[in-house]
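Since the structure comes first, as structure tokens, the remarks are kept for the end.
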């Protein structure tokens with residue numbers, strides 16, 4: 172199994188390349204803990220999706236630390252990739268979103284089952300274990316592909332330092348994803364979790380299921396991504412300066428066509444991330460507590 176890490180973002184709200192900001196006592200990044208947990212769950216390859224200009228920074232840091240422990244490959248998310256025949260506006264400077272990022276990893280992943288995560292999110296050991304177990308057990312070669320995602324309780328995914336964006340999920344009685352709705356401004360107001368839309372605040376449940384871009388896929392997903400991005404360009408040809416091809420949207424389209432189901436694997440784990448610069452200390456403190464409890468060694472790769 173392959174772990175695909177989306178690490179092409181520069182973290183504009185954070186103010187730097189937050190993927191390479193040490194948070195562990197041995198200088199580890201959040202990425203290091205994700206890879207460590209993935210190895211424990213049985214993943215044997217990691218593919219980093221990065222900007223080409225950041226290659227040496229990744230090689231000199233996390234890549235050097237994990238050499239010999241897991242196979243490594245780098246791929247670049249470039250704006251022109253999978254955009255043949257598209258009249259890319261001169262004002263468009265960034266690639267086409269998270270679904271496009273995963274599509275850029277197609278050749279590196281090959282026919283392997285794979286998980287997809289964000290580089291700057293800490294998901295915890297259990298998230299990788301449940302996804303790996305699902306992928307190993309998933310039936311292959313059927314008319315409908317069987318994917319999965321780690322579903323976090325919304326209350327475990329917030330920051331005290333601003334609002335966040337989350338995919339809010341609904342499932343059927345069997346835990347199969349039926350609807351995922353992107354909410355772009357979620358925060359706690361006077362003790363209640365709310366999202367802002369159309370100039371109003373709306374309540375959300377503490378236990379609403381939030382997608383944190385922690386997915387498990389089989390190779391069938393790449394075929395849908397390739398066809399989906401062509402549809403995306405056609406539908407957005409009047410808005411190519413700003414449009415985004417998001418991973419949840421690609422999954423939603425595949426579900427609507429009856430081509431896949433997605434098992435939501437619930438977890439009580441707490442998410443940690445550095446959405447804002449002020450979040451960093453909370454991540455450091457949480458990791459120190461987990462190290463003290465014996466969940467991780469003090470020096471991760473020693």
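Numbering (the numbering used here), first residue to last: 172 to 473.
Positions of the beta carbon are idealized from the N, C-alpha and C atoms, including for glycine.
Quiz item: Is the region 375-383 close to the region 218-233, with three or more CB pairs under 8 Å?
Solution: no
Exercise. Between the Cα of residue 411 and those of 255, 263 and 241, spot the shortest distance and give me the residue it belongs to.
Key: 263
Self-check item: Which residues DSSP lists as bridging residue 437, in chain order
Solution: 322
Self-check item: Whether residue 333 touches residue 253 by CB criterion (8 Å)
Solution: no
Self-check item: Check whether residue 242 and residue 215 have beta carbons under 8 Å apart
Solution: yes
Quiz prompt | Simplified DSSP state of residue 394, which is helix, strand or coil | solution = helix
Self-check item: Closest by C-alpha distance to residue 205, when choosing among 289, 282 and 172
Solution: 289
Practice problem: Just tell me which of 440, 433, 322 and 416 has its CA closest to the CA of residue 265. | Solution: 416
Practice problem: Buried or exposed for residue 248, please, with buried defined as at least 16 other CB atoms from any protein chain shown within 10 angstroms of its CB. | Solution: buried
Quiz item: alpha helix (DSSP H) containing residue 207: first to last residue?
Solution: 201-212
Quiz prompt | Residues near residue 403 in its chain [Cβ-Cβ closer than 6 Å; skip 5 each side] | solution = 416
Quiz item: Could you give the distance in angstroms between the alpha-carbon of residue 470 and the alpha-carbon of residue 196?
Solution: 7 Å
Quiz item: Between residue 208 and residue 370, what straight-line distance do the alpha-carbon atoms span, to the nearest angstrom?
Solution: 41 Å
Quiz item: Would you say residue 226 and residue 245 are within 8 Å of each other, going by their C-beta atoms?
Solution: yes
Quiz item: Which first and last residues belong to the beta strand (DSSP E) in which residue 242 is found?
Solution: 242-247
Quiz prompt | C-alpha distance - residue 423 paired with residue 396, whole-angstrom precision | solution = 11 Å
Quiz item: Going by C-alpha distance, which of 473, 462 and 450 is nearest residue 192?
Solution: 450
Self-check item: Touching by the beta-carbon criterion (3+ pairs, under 8 Å), the region 384-399 and the region 309-320
Solution: yes
Quiz item: Would you call the CB atoms of residue 432 and residue 302 closer than 8 Å?
Solution: no
Practice problem: Report the three-state DSSP secondary structure of residue 383 (helix, strand or coil). | Solution: strand
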